[in-house]
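**Q**
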Amino acid sequence: MAKEAKKEPQELTVEQKLKTLYQLQTTLSKIDEIKTLRGELPLEVQDLEDEIAGLNTRIERIKSETAELKSSIATKKVEIETAKASVAKYKAQQENVRNNREYDFLSKEIEFQTLEIELCEKRIREFTEQEQAKSVEVENCNHELEEREKDLEVKKNELDEIISETKQEEEKLRDKAKDLETKIDPRLLQSFKRIRKNSRNGLGIVYVQRDACGGCFNKIPPQRQLDIRSRKKIIVCEYCGRIMIDPELAGVSTEPKVEATKEKPARRRRTASADVE
């Protein structure tokens with residue numbers, strides 16, 4: 324029983340390792356195709372969500388600035404009323420002055436308060452214009468926000484529809500990939516994942532195509548092709564670093580196309596007898 328227990332985790336042959344690795348590559352490529360089907364939608368959804376958050380922050384800031392402007396307008400109106408009351412008081416005092424000095428002093432105070440009123444009115448006009456501009460800006464932001472929220476809803480629905488269609492298939496593929504990974508030597512699996520990550524098309528293992536690497540399409544020397552077909556050791560492309568297998572192991576037919584050659588009609592020799600005839 325103890326011997327049988329030791330035999331349980333059987334060591335895979337190189338051929339079995341390569342075949343399992345190619346099955347894993349095929350499964351991961353299908354998952355990549357599903358991700359490609361989603362395209363840029365996840366990023367577009369994220370960008371729209373960020374843009375909406377930015378617009379909301381901007382609207383809140385503008386509203387806060389508008390509230391400050393309204394407060395400033397109210398303050399200036401109070402200052403105007405105070406200045407008008409002072410002007411009225413100083414004019415009343417002018418009627419009871421005892422000398423020119425007091426009259427001149429009150430006249431200057433009236434002039435100063437009048438200037439204060441004019442300045443406050445000018446500030447009120449400026450603040451009112453700014454408030455109106457802020458209101459237009461908020462209106463534009465709200466309109467833009469409404470458009471972005473509509474776009475987000477459309478993109479989310481589109482993404483959810485694609486995910487719902489491919490979710491079950493993707494889960495099955497991921498489960499299959501996890502199962503295949505348990506059968507592969509951890510060091511080999513780590514190397515495969517590293518190669519796949521550095522590869523532009525996500526291929527970590529490729530089969531030989533027309534005496535060339537199926538990844539970078541560089542020619543493979545004849546002796547190296549024999550080593551690949553022998554399946555006795557793992558061969559890596561010296562140019563792109565991808566693991567290479569023969570097409571038969573990948574389940575790809577490589578029967579050469581036989582083109583029918585037209586035989587040239589034999590030239591008939593003219594015999595002397597023919598000439599005589």
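No gaps in the numbering here: position 32 of the sequence shown is 355 in the working numbering, and each next residue is one more. From the three backbone atoms N, C-alpha and C, an ideal C-beta is built for every residue, glycine too.
Measure the alpha-carbon distance for Lys473 versus His466 and round it to whole angstroms.
**A** So the alpha carbons of these two residues sit roughly 11 Å apart.
**Q** Note down the Cα distance separating Gly564 from Thr505, rounded to an integer number of angstroms.
**A** Taking the straight line joining both Cα atoms gives about 23 Å.
**Q** Fully enclosed by the stretch 483 to 543, which beta strand (DSSP E) runs are 3 residues long or longer?
**A** With a minimum length of 3 residues, the continuous beta strand (DSSP E) runs that stay inside the stretch 483 to 543 are 528 to 530.
**Q** Using the rule of at least 16 other Cβ atoms within 10 Å of the residue's Cβ for burial, across every protein chain shown, is Ala608 buried or exposed?
**A** No answer is possible for residue 608: the residues shown for the chain start at 324 and end at 600.
**Q** For Ile385, write down the residues that DSSP places opposite it in a beta bridge.
**A** Paired residue(s): none; Ile385 is not in a bridge.
**Q** Let me know the secondary structure DSSP gives Val606 once reduced to three states.
**A** In the structure as shown, the chain begins at 324 and stops at 600. Residue 606 is therefore absent and cannot be evaluated.
**Q** Can you tell which of Glu488, Leu392, Gln417 has the C-alpha that lies nearest to the C-alpha of Arg446?
**A** Residue Leu392 is the option with its Cα nearest to Arg446.
**Q** Determine the direct distance from the alpha carbon of Lys386 to that of Lys414, and round the result to whole angstroms.
**A** Taking the straight line from one Cα to the other gives about 42 Å.
**Q** Compute the distance between the beta-carbons of Leu511 and Gln348, then report whether it is under 8 Å.
**A** No, the pair does not count as a contact, with Cβ atoms beyond the cut-off.
**Q** Once the 5 residues before and after Asp534 are set aside, which same chain residues still bring their CB inside 7 Å of it?
**A** Cβ within range, chain order: Lys542, Ile543, Gln548.
**Q** DSSP on Val420, reduced to helix/strand/coil?
**A** Coil.
**Q** Which same chain residues end up closer than 7 Å to Leu601 when comparing Cβ atoms and leaving out the 5 residues on each side of it in sequence?
**A** Residue 601 falls outside the range modelled here, since the chain spans only 324 to 600, and no answer is possible.
**Q** Hey, how far is the Cα of Arg519 from the Cα of Pro570?
**A** Looking at the two C-alpha atoms, the distance is approximately 19 Å.
**Q** Helix, strand or coil for Ile566? Go by DSSP, reduced to three states.
**A** Correct three-state label for Ile566: strand.
**Q** Any heavy atom of the ligand SAH closer than 7 Å to the Cβ of Arg523?
**A** Here there are no bound small molecules, and the ligand SAH is not part of this structure.
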